Amino acid sequence: MNSLYLASGSPRRRELLTQIGVPFTVVSAAIDETPLTNETAVAYVERLARGKAAA
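Numbering (this note's numbering), first residue to last: 12 to 66.
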């Protein structure tokens with residue numbers, strides 16, 4: 012099984028991946044996750060994903 016990068020500092024996400032046996036590497040990024048004014052849900056998720064991938 013391939014390993015994945017977990018771009019989150021969430022202890023719960025780490026716990027879930029460990030429980031199901033998925034190998035992962037934690038790569039936390041200091042990204043401000045506050046939604047922008049009038050930002051759609053799709054734009055919000057895309058902005059965070061791109062920001063975390065670039066970090």
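Yeah, the Cβ is synthetic: ideal placement off N, Cα and C, and Gly gets one too. Since the structure is predicted, the reported quantities are computational estimates derived from the model, not experimental observations.
Pair within 8 Å by beta-carbon distance, residue i and residue j
i     : j     : result
PHE35 : LEU28 : yes
VAL37 : LEU15 : no
ILE31 : ALA66 : no
Residue of the options minimising C-alpha distance to residue i
i     : options             : result
GLY20 : ARG61, GLU57, GLU44 : GLU44
Run of the beta strand (DSSP E) containing residue i, from where it starts to where it stops
i     : result
GLU15 : Looking at the sequence itself, residue 15 is Leu, so the reference to Glu does not match. Per DSSP, LEU15 belongs to the beta strand (DSSP E) from 15 to 17.
VAL37 : 35 to 37
Reduced DSSP category for residue i - H, G, I as helix; E, B as strand; rest coil
i     : result
THR29 : helix
GLY20 : coil
ALA66 : coil
GLU57 : helix
Closer than 7 Å: residue i CB and nearest the ligand NAP heavy atom
i     : result
SER39 : What this structure holds is no ligand at all, so the ligand NAP is not there to describe.
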